[in-house]
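Novice: Quick one: this structure, given as structure tokens, is what I'll be asking you about.
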Amino acid sequence: MTESQGLSLHNAAREAGVSFSQEWNPKSKSVKTNGLNFHYLEWGDPSKPLILMLHGFAQQAHSWDFVALAFADRFRIIALDQRGHGDSDWASDGDYTPETQQIDIAAIVQELSLDEFVLMGLSMGGRNSFTYAANNPEKVKALIIVDAGPENVRAGTQNIRRFVEQDDELDSIDAFVDRVVSYNPRRDPIQIRGSIVNNLRELPNGKWTWKYDKILRSPGRMGRAQDPDMTKRLWGYVESLNCPTLVVRGDRSDIIATDTADEMQKRIPHGKLAIIENAGHLVMGDNPSGFEKAVTKFISNL
Numbered sequence: 001m002t003e004s005q006g007l008s009l010h011n012a013a014r015e016a017g018v019s020f021s022q023e024w025n026p027k028s029k030s031v032k033t034n035g036l037n038f039h040y041l042e043w044g045d046p047s048k049p050l051i052l053m054l055h056g057f058a059q060q061a062h063s064w065d066f067v068a069l070a071f072a073d074r075f076r077i078i079a080l081d082q083r084g085h086g087d088s089d090w091a092s093d094g095d096y097t098p099e100t101q102q103i104d105i106a107a108i109v110q111e112l113s114l115d116e117f118v119l120m121g122l123s124m125g126g127r128n129s130f131t132y133a134a135n136n137p138e139k140v141k142a143l144i145i146v147d148a149g150p151e152n153v154r155a156g157t158q159n160i161r162r163f164v165e166q167d168d169e170l171d172s173i174d175a176f177v178d179r180v181v182s183y184n185p186r187r188d189p190i191q192i193r194g195s196i197v198n199n200l201r202e203l204p205n206g207k208w209t210w211k212y213d214k215i216l217r218s219p220g221r222m223g224r225a226q227d228p229d230m231t232k233r234l235w236g237y238v239e240s241l242n243c244p245t246l247v248v249r250g251d252r253s254d255i256i257a258t259d260t261a262d263e264m265q266k267r268i269p270h271g272k273l274a275i276i277e278n279a280g281h282l283v284m285g286d287n288p289s290g291f292e293k294a295v296t297k298f299i300s301n302l
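Under the numbering used here, the first residue of the sequence shown carries the number 1, and numbering increases by one thereafter.
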């Protein structure tokens, strides 16, 4: 959130019903690995157990601010800007494949000496999370998959595609706020402004644009039908998860179908399912309090 608009992160969190015991602020840090500089936000006490948070497509580390604030008294939090997003480097070769993102995560985990952590991811970050957990079971103590799965609803993916492919240079931050409000009217405009200001940068011509790599906004980059072989492979990752896992779905999500979330819970040996009311795909932004309560219930039983 931004103080300049009269609503601090902490006041915005209170208005959203988020519980926290201390007015934590994150430390901005970076790590260089796999040929790129990766930015991340660190919250809480470094001696506490770790939660590693991975944002969704076109999002960034500040997407987790409310969640990190709520759990910083009990955990060390690392919220990563994945390649091409937030304040991390763009890939000069345009490589944003899931395979390369897995190499990134493994390299960052090694570089920061992370071990036995809770892994939490939304959407793209959710797929990255359950893929990493399936392939690195010794590293992940528990997993929280937020509105992500082996299969997406095509119509919802197309909605995101239309949103990101719009004109990406606007005259003001408020113009972007208006655009996001029209896309997701569940969100309060003041809170949207506080959130997306961290995902925008000012251009030399005085206009504003998104921070994430422009190639990710190019027509045809997303929204295509998923390769059936990839779908099968992703379901295989889900079935091989052996850590306690919470599958979270927004009850109004247009990305993850109810049947998909139910099937994930059934196929994950230690899987739990939480449906968050009054939330779409961006669950922790649409209903921060509901999300916090579901995660608290899950991690309290670890």
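Just so you know, even glycine gets a beta-carbon here, dropped at the ideal spot from N, CA and C.
Is H39 buried or exposed, if buried means 16 or more other CB atoms sit within 10 Å of its CB?
Specialist: Counting from 1 along the sequence shown, the entry for residue 39 is found at position 39. Label assigned to H39: buried.
Novice: May I ask which residues mark the beginning and end of the alpha helix (DSSP H) holding A107?
Specialist: For the purposes of this step, residue 107 is identified with residue 107 of the sequence shown, where counting begins at 1. That run of the alpha helix (DSSP H) goes P98 to E111.
Novice: Taking the straight line between their C-alpha atoms, what separation do you get for R161 and M264?
Specialist: For the purposes of this step, residue 161 is taken as the residue at position 161 of the sequence shown. For the purposes of this step, residue 264 is taken as the residue at position 264 of the sequence shown. For R161 and M264, the distance between alpha carbons rounds to 25 Å.
Novice: Three or more C-beta pairs under 8 Å: does that hold for the region 114 to 133 against the region 11 to 28?
Specialist: As far as the Cβ criterion goes, the region 114 to 133 does not touch the region 11 to 28, which means the pair count is below three.
Novice: Can you tell me where the beta strand (DSSP E) with A79 in it begins and where it stops?
Specialist: On the sequence shown, position 79 is the one that residue 79 refers to. Start and end: R76 to L80.
Novice: Starting from L9, follow the alpha helix (DSSP H) in both directions and report where the run begins and ends.
Specialist: For the purposes of this step, residue 9 is identified with residue 9 of the sequence shown, where counting begins at 1. Run containing L9: L9 to E15, per the alpha helix (DSSP H) assignment.
Novice: Are the CB atoms of E165 and R217 within a distance shorter than 8 Å?
Specialist: On the sequence shown, residue 217 is found 217 positions in, with the first residue counted as 1. On the sequence shown, residue 165 is found 165 positions in, with the first residue counted as 1. Yes, Cβ-Cβ distance for R217 and E165 is below 8 Å.
Novice: When you compare each of K48, P46, Y183 and F176 to N159 by their alpha carbons, which one comes out closest?
Specialist: Against the sequence shown, residue 159 aligns to sequence position 159. Looking at the Cα atoms, Y183 is the closest of the given residues.
Novice: Should R252 be listed as close to the ligand SAM, given that the test is whether its C-beta is under 7 Å from any heavy atom?
Specialist: With respect to small molecules bound, the structure shown includes none, and the ligand SAM cannot be examined in it.
Novice: Just to confirm before moving on: does the CB-CB distance between L112 and C243 stay below 8 Å?
Specialist: As a position in the sequence shown, residue 112 is number 112, starting the count at 1. As a position in the sequence shown, residue 243 is number 243, starting the count at 1. In this structure, C243 does not lie closer than 8 Å to L112 by Cβ.
Novice: Thinking just about the alpha-carbon of each residue, which of T33, V247, N11 and F163 is nearest to the one in A58?
Specialist: As a working mapping, residue 58 is identified with position 58 in the sequence shown. Closest option to A58, Cα to Cα, is F163.
Novice: How do the region 76 to 93 and the region 34 to 49 stand: do at least 3 beta-carbon pairs fall below 8 Å, yes or no?
Specialist: Touching, yes.
Novice: Taking C-alpha atoms, which residue in F130, G280, L41 and L200 lies nearest to V153?
Specialist: Here residue 153 is taken as the residue at index 153 of the sequence shown, counted from 1. Among F130, G280, L41 and L200, the Cα nearest to that of V153 belongs to G280.
Novice: Within this structure, are the beta carbons of I145 and T258 separated by less than 8 Å?
Specialist: The count along the sequence shown starts at 1 and reaches residue 145 at position 145. The count along the sequence shown starts at 1 and reaches residue 258 at position 258. In this structure, T258 does not lie closer than 8 Å to I145 by Cβ.
Novice: Output needed for P189: all residues of its chain with C-beta closer than 7 Å, excluding positions within five of it in sequence on either side, in chain order.
Specialist: Within the sequence shown, residue 189 is the residue found at index 189, counting from 1. V177 and V181.
Novice: Ordered along the chain, which non-local residues of its own chain (more than five positions away) have a Cβ less than 8 Å from that of A261?
Specialist: For the purposes of this step, residue 261 is taken as the residue at position 261 of the sequence shown. Closer than 8 Å at the Cβ level, and outside the excluded window around A261, lie G149, V247, R249, L273 and I275.
Novice: Does the separation of the CB atoms of Q60 and H85 fall below 8 Å?
Specialist: Numbered from 1 along the sequence shown, position 60 holds the residue referred to as residue 60. Numbered from 1 along the sequence shown, position 85 holds the residue referred to as residue 85. Taking 8 Å as the Cβ cut-off, Q60 and H85 qualify as a contacting pair.
Novice: Can you tell me whether T231 is helix, strand or coil according to DSSP?
Specialist: For this step, residue 231 is matched to residue 231 along the sequence shown. In this structure, T231 counts as helix in the three-state DSSP scheme.
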